[in-house]
Each structure stands twice: as structure tokens, then as C-alpha cells.
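**Q** Residue numbering for the sequence shown follows our numbering, beginning at 16 and increasing consecutively. Just passing along the structure, written as C-alpha cells.
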Amino acid sequence: MSSMDGSGVDSHLDPTAVAPIRRRLPGATTQRPREMLGAYELLDQVGEGGMGVVYRAKAPDGQYVALKALRPYIAHDPDARARLRREVASLRRVRAPGVAALLDADVDGPRPFLVTEFVSGPPLDKVVANEGRFTDQRLADLAQGLADALSAIHRAGVIHRDLKPGNVLVGRDGPVLIDFGISHVAEDSRLTMTGLVMGTPGYLSPEMVEGGEVTQAADWWGWAATLAYAASGTPPFGRGQMTVVLDRVLRGQADLRGVDERIRPLLAAALSPDPARRPGTQQVLHELRVYAGGGYTTGLPVATASAPHTAPLRPDATKRLPAPSAGRVAPVSRPPAQVHSANYWAPAQPAPAAAPSQPAPEPRSVPSTDPRIGRPPRSGTLAALLVGVVALSAVVPVAAWGALLIWSFVARWVDRSMTAMVVRRFDAGRRSTDPLVAAAAAPWQALVAAISTILAAILPAVVGVAGAVATALGVAVLRSNSPELGRPLPVAVGVLLATALSWWGPGGQALRRGSRSIVRTVAPQPVIGTGLVVLVLAAAAWCAFHAGTHWQLPPSWWPYSDASQIPGSGLIPSLPSIR
């Protein structure tokens, strides 16, 4: 388990964490006054975040347990209760040595809480900070233990979604995964519509950052990033502003200079932004065992210093393999006193009671969420809109070009505004003044979006014109006549190429994120999205029919009388005659 903010890390160790977690060091004398919550006596506080507090508590039978409770002032928040309820549901499904057993829970009471077994062990980031990076057999054992735990929770139909060093406790029996507050149960489709609590950006997989479907691959990428941290002693994608870190993740710009050169190519491949280039889990484990025995990784290319993350793998190195065996799995029913794996960091021995002191002040804000992450990408709707604008360009090109520019501007404006809001809440938490700040910043965000739209349109425009010219020349060769650039087919091909480059080329990330946000807002329900797709495709079919029956005639250049009046048309050279 971990604190309720979903980060589970010490803020002084990783400033990219969303909400600071303040934990008591072994031997600390500052403790909360003892009090009761349900049947449990609350002893010392071992962790806290914006949404909840983690205590070492004593059960009625005298056993020490870990109790996570929502703060009183957010206990009425339905989202906080829903998150705690998801954590309880996930823990009930998973019974494995790497996950503490759920002992008790009350998610509907005045102050919701859950109770799990207690662990004696620090989080991985604190172990690395105090003892140095992991190498050889210690790293291989960490990888195997985490792989076993992940395999167990995946077999139970749960996806953790927030694997990172702060959510791994190093107990006496191996690593323990904690914080299932944002975990995902495979058959619960509603969770993908509610967004994802932002954890540490450098450990969110590229697919999740792009708003793709949450799958087990997200956990395995986080597993590789966590191993890279343990092997190097530093976050693989650095620290700093959230947007900068996420950009490094999307580009695969991992800093692995602190990793032993014998396994650097292995971890570089495992952190590739392209899932098809990542080695399978079993292969990574095998290579780490070779490394632990003093050997070098094999079957993977040596990555270049400039782009270690994008080095191509040989086909035999990228074969998908099944998830590793979870190894020993605890029985469904086991006495809590006999289990040594839990998911809270606590001193090796219970600390002696100290004089009561004043509780830590409540944070003024709660952790924020990024409403874009974990949401459906709406690729089908966006593909239908692409078909519609390409078909429209064959009939009324200027209208299609204008629609593309307006869409690109609005998408970038929406993306910049939403990102600014997330970053502000990431730094300062949710505030009542957020709407006023967003409104005041809107003109500036619009100006920046307009400039970026113009700059980002230059290269696609050049490629689009080149594609239209090539198409016109190709048609002229087939028909043995003069090329005609201003015909439906060349114009449509040019628009298709320009749009594709705008989407996937430089600056396309903001366009993609903003476009998906617009579609999810305009068509939040599947039935609305389906209706929109039907309307767009019907209009596209009419445009295609019209262009097909008038393919030898130029399209309408409305609002201009002919193509020569379009600004910039004189820059396109005349095409040679082909006879």
C-alpha cells in the first residue's frame, strides 16, 4: 500500500512526484497522538499525501497492521472513495507474495479506510539513495521479484498502472508492489473514461502518455523504467517540468549513462517508445541472469550514444514471449501473522511509543488528475474526420484547407490550456482560482497556439504541394497529356499527405492530444461518436461521388474565382507538358 495521492515517493528524492509524501524516518520521535479508527488503534504515522494518511496500527488481536485512511475533509469526495474502492477490489483479487493481503476495509463509513499486512522495509528509491545503485545478482533478483508480482496481478485481471521506485518496497522476502489506488480491473471499462491520477511522469509508458489503451504492456514498461532507476541511481528520463519529462518519454530519450555498459543496450531496448522494438519480459530476465553471472547481454544491438532508445532490434530479439511465471503464489487463505510481505515502509522493528505531538498540518490542496491520460484515443472518429476533409478538398479545396488550419489552431490551443492547468495543479494543487487563471491565460495560450500552427504548417504544406505535383505528373504520363495540378485527385492526395505529416511530424504531439480532447468533448458518448462518424462519412461519400463524376474539371475555388487568386499560388512553378 501507499499514501492516497498515488505517488508513494519522497518528494525530495523525486521532484516529479505529484503530491509530496512525508514519511517518518526510523527513530523519529514525532508521531501523531494515538486514536481509534474503527476497531484499530492508530499508532505512528508512516506516510501521508494530499488525499490520505498511512498509519501503523494495532488490530484488536494485537497484530501490527498498515491502515490507509482518507483525510476527514475529503472523505465525502466520491472520487476519493471510488479510488479507495478500486484499491480494495484489486487487493481482493490478488493473492501473491509480492502484494500484501487485504485484512479489512470500510469504504462506506464516515472515514473510509483499508487495512493490510505491515512490512518492515523501505521504498526502493530510499534504498538506492542510501545504499547506491543495484548491480549484478541484486538487480537480477529485483527484476525477477517484480516480474513475479506483476505476473500474479495480471493473471488476476488487474493492471497496476503506476509502477515506479516509490511504489516498490524492499522487504525481507523481496520486493513488494504497493499503491493500487489507480489500478485497472480488466473488465471495468468505466475506468478508462474517468481519467488517470497522474503519478510520476517519468514512469508512465509512452502509450499511456499518448492516451492509448491501458494494457499490461504499460506495467512492463514501468518495470523496465524502475529497473533502469535501480541500475543507475537516477530517474531514466530525468527531473523537471512534467511536460519536459513526458516529452522525453515519448521520444525515448532515456539517460542510461549510469547503467553498467553490459546491460545498457538491454534496458535501452526495453524503454523504446515503440512497443514492437521492446524485448520480451522473459528475454530481459534471461539477459539479467547472464549479467549477474558476469556476462554481457546478447541478442540486442549496442545502442548509440545519441539515441540509445531507438536502436533497431534484430527480429529474433523482438519476439513476443509470454509473461514470466509468477513462481510461488501464496494460498488463498493464510494467517496474516505468517506473512512477511506488505506494502508500507516502516522501521524493521516497531518504533517505541513517543510522546504525543501535534499532527502534521493538512495540505491545502489535493492531487490533480490529467483528464487526457487513460482515456479512449477515439481513433475511429478521427479517421472518419480525415476521410471527410480529404473528400472535401476534392470539391472545395480552400474550404478544406481552412478547416484544417482552424482545427489545428483549436487543437493546439486546447492542448496548451489543458497542459498548463495540469502543470499548475501538479506544482500547487487544485485551487478555487483555477478557472480565473485559465481564463486570464487564454489569450496568451491562443497567441502561442496560432504561432505554432503557422510554423507547424510550413513543412506539411511543402510536402502536400510536392505530393500534388507528383500525382499530377503521374496522371499526365498515364494519359499522355499536360499535367493539371488543379484537379480533384492531385489536390486530394496533397491534402492527405499534408495532414498525415501534420499528425505524425514535428509538433504533432500537441495536435494529436488536442484533437482527441476535442472529439471526446464533442462526442462524449459512443452513440454520439457513431452518429458523427456516419454523418461525416455520408458527406465524404457525396464529395467523392461529385469529384468522381467531374474528375476532368477543376474543383470550386470558393471563395476565390480561380486558383490564381489564392495567396501564394504564384510560388508553385508551372508543370512541363508531357506528350
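In this text, a Cβ means the ideal position worked out from N, Cα and C, and glycines have one as well. Please read all numbers here as calculations on a predicted model, not as lab measurements.
So, glycine 248 versus serine 220, is the Cβ gap smaller than 9 Å?
**A** It is not a contact, given that the beta carbons lie outside the stated cut-off.
**Q** Mind checking who alanine 111 pairs with in its DSSP beta bridge?
**A** In DSSP, alanine 111 forms a bridge with Val114.
**Q** Kindly list the residues whose CB is nearer than 6 Å to the CB of proline 505, restricted to its own chain and excluding five residues on each side of it in sequence; keep chain order.
**A** For proline 505, where only same-chain residues beyond five positions count, the Cβ hits under 6 Å are Ala483, Thr486, Ala487.
**Q** Where DSSP assigns a beta bridge to glutamate 50, which residues make up the other side?
**A** Glutamate 50 pairs with Leu57.
**Q** How is the beta strand (DSSP E) around glycine 482 delimited, first residue to last?
**A** Not the beta strand (DSSP E): glycine 482 falls in the alpha helix (DSSP H), residues 449-494.
**Q** Would isoleucine 473 be called buried (16 or more neighbouring beta carbons within 10 Å of its own) or exposed?
**A** Exposed, by the Cβ-count rule.
**Q** Take leucine 526 and list the residues in its own chain whose beta-carbon comes closer than 8 Å to its own, dropping the five residues that flank it on each side.
**A** The residues are Ser423, Ala426, Arg427, Asp430, Ala471, Ser517, Trp518.
**Q** So proline 290 packs on glutamate 222, CB below 8 Å; how close in whole Å?
**A** Yes, they are in contact, since the Cβ atoms of proline 290 and glutamate 222 sit about 7 Å apart, within 8 Å.
**Q** Note down, in chain order, each residue of its chain lying with its Cβ closer than 7 Å to the Cβ of glutamine 159, except the 5 sequence neighbours on either side.
**A** Hits under 7 Å: Leu300.
**Q** With a floor of 3 residues, list each beta strand (DSSP E) that falls wholly inside the region 259-284, ordered by position along the chain.
**A** None, since the region 259-284 contains no complete beta strand (DSSP E) of that length.
**Q** Can you tell me where the alpha helix (DSSP H) holding phenylalanine 560 begins and where it ends?
**A** First-last of the alpha helix (DSSP H) with phenylalanine 560: 541-564.
**Q** Would you report the Cα separation of alanine 578 and tryptophan 572, rounded to the nearest angstrom?
**A** Cα to Cα, the separation comes out at about 6 Å.
**Q** With 16 as the cutoff for other CB atoms within 10 Å, does glutamine 460 come out buried or exposed?
**A** Buried, by the Cβ-count rule.
**Q** For the alpha helix (DSSP H) containing valine 80, list its first residue and its last residue.
**A** Segment 79-85 is the beta strand (DSSP E) holding valine 80; no alpha helix (DSSP H) there.
**Q** Quick one: what does DSSP say lysine 73 is sitting in, helix, strand or coil?
**A** Three-state result, lysine 73: strand.
**Q** Compute the beta-carbon to beta-carbon distance between tryptophan 566 and proline 503, rounded to the nearest angstrom, for a pair I have assumed lies under 8 Å.
**A** So it is a contact: roughly 6 Å between Cβ atoms.
**Q** Pick out whichever of Thr514, Ala513, Ile543, Gly501 has its Cα sitting closest to the Cα of glutamine 580.
**A** It is Gly501 whose Cα lies nearest to the Cα of glutamine 580.
**Q** Does the distance from the C-beta atom of aspartate 234 to that of leucine 165 stay below 9 Å?
**A** Yes, Cβ-Cβ distance for aspartate 234 and leucine 165 is below 9 Å.
**Q** Give the straight-line distance between the Cα atoms of leucine 211 and threonine 230, rounded to the nearest whole angstrom.
**A** Only weak support is given to the placement of leucine 211: the predicted model assigns it a pLDDT of 36, under 50, and the question is left unresolved by the model.
**Q** In three-state terms, what does DSSP make of proline 138?
**A** Note: proline 138 maps to strand in three-state DSSP.
**Q** For the putative contact between alanine 239 and alanine 285, defined by C-beta atoms under 8 Å, what is the C-beta separation to the nearest angstrom?
**A** Contact holds; Cβ gap of about 4 Å.
**Q** Following a CB-centred definition, is proline 505 positioned closer than 8 Å to any heavy atom of the ligand NAP?
**A** Questions concerning the ligand NAP fall outside what the structure shown contains, since it holds no ligand whatsoever.
**Q** Specify the secondary structure class of phenylalanine 128 as computed by DSSP and reduced to three states.
**A** Note: phenylalanine 128 maps to strand in three-state DSSP.
**Q** CA-CA distance, proline 93 and glycine 186?
**A** Each residue's alpha carbon lies about 33 Å from the other.
**Q** Which one or two residues does DSSP pair with leucine 192 in a beta bridge?
**A** Per DSSP, Val183.
**Q** For alanine 97, name the three-state secondary structure that DSSP assigns.
**A** Note: alanine 97 maps to helix in three-state DSSP.
**Q** Return the first residue and the last residue of the alpha helix (DSSP H) that glutamate 302 is part of.
**A** 296-307 is the extent of the alpha helix (DSSP H) around glutamate 302.
**Q** Hey, how far is the Cα of glycine 267 from the Cα of phenylalanine 252?
**A** Each residue's alpha carbon lies about 8 Å from the other.
**Q** Identify, in the order they occur along the chain, each residue of the same chain with its Cβ nearer than 6 Å to the Cβ of glutamate 302, setting aside the five sequence neighbours on each side.
**A** Within the same chain, glutamate 302 has close Cβ partners Leu281, Thr312.
**Q** What is the residue span of the alpha helix (DSSP H) that glutamate 499 lies within?
**A** No alpha helix (DSSP H) holds glutamate 499; DSSP gives it neither H nor E.
**Q** Name the two residues that bound the continuous alpha helix (DSSP H) containing tryptophan 573.
**A** Tryptophan 573 -> no alpha helix (DSSP H), and no H or E assigned at all.
**Q** Cβ atoms of glutamate 146 and proline 391: under 9 Å apart, would you say?
**A** In this structure, glutamate 146 does not lie closer than 9 Å to proline 391 by Cβ.
**Q** Look at the alpha carbon of valine 437 and the alpha carbon of proline 112, and state the distance between them as a whole number of angstroms.
**A** Roughly 36 Å between the two C-alpha positions.
**Q** Applying the 10 Å Cβ sphere with the 16-neighbour rule, what's the burial state of tryptophan 557?
**A** Exposed.
**Q** On the DSSP letters alone, give me the boundaries of the alpha helix (DSSP H) that leucine 154 sits inside.
**A** Start and end: 151-170.
**Q** Considering only the alpha carbon of each residue, which of Arg126, Arg108, Lys179 lies closest to tyrosine 624?
**A** Outside the displayed range of the chain (16 to 594) lies residue 624, so it cannot be described from this structure.
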